[in-house]
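Below you'll find the structure, written out as structure tokens, and then a few comments.
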Amino acid sequence: AGLLKMLGGQPSRLESAENLLKYSKELAECGPSEDQKNFHTGAAEVFGGVCKGLLGTFGGVENANVCWSLLTPFLNEVLENIFRAAVEDWADGIRYGIHRAGVAETKPVLDLIMGKVLSTLWREKE
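In my numbering, the protein residues as written are 922 to 1047.
Dropping the structure here:
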């Protein structure tokens, strides 16, 4: 409800985005099976479409930041639990979602990804 007020209405788009992200999360949380990679592929594609739809609908940095307040917690949680074979699918989904968005509009997701990369680098003790 708070997101809807910040974006001046548009309940159907944000509610749809939230529902699609719930579905995507269910796919991404599937247990080990022979279809696990397919589930992650589908989840990443749903995320990419939701991201593209929100960023394309609500232009501008302020509105993009509101959209990322919905997208980044989801992405942060999913990226913590993906397995190696699904990394490429999620990279494709993110790349699709932010394609044609400005640098300032994509800064939250870039910060999230760079933070994850930097936190996993090995550092020698001083």
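Using N, Cα and C, we set each Cβ at its ideal position, and we do this for glycine too.
query	result
Cβ neighbour criterion (16 or more within 10 Å) applied to Leu992	buried
Where the alpha helix (DSSP H) containing Glu983 begins and where it ends	Val982 to Asn1002
Cβ-Cβ separation, Leu1033 to Leu996 (assumed contact under 8 Å), whole Å	6 Å
Where Cys951 falls: helix, strand or coil (DSSP)	coil
Which of helix, strand or coil DSSP assigns to His1020	coil
Through-space distance from Leu1039 to Ala922, alpha-carbon basis	In this predicted model, Ala922 has a pLDDT of only 42, less than 50, meaning its place in the structure is not dependable; the value taken from the coordinates is given anyway. Cα to Cα, Ala922 sits roughly 34 Å from Leu1039.
Three CB pairs or more closer than 8 Å across the stretch 938-952 and the stretch 962-982	yes
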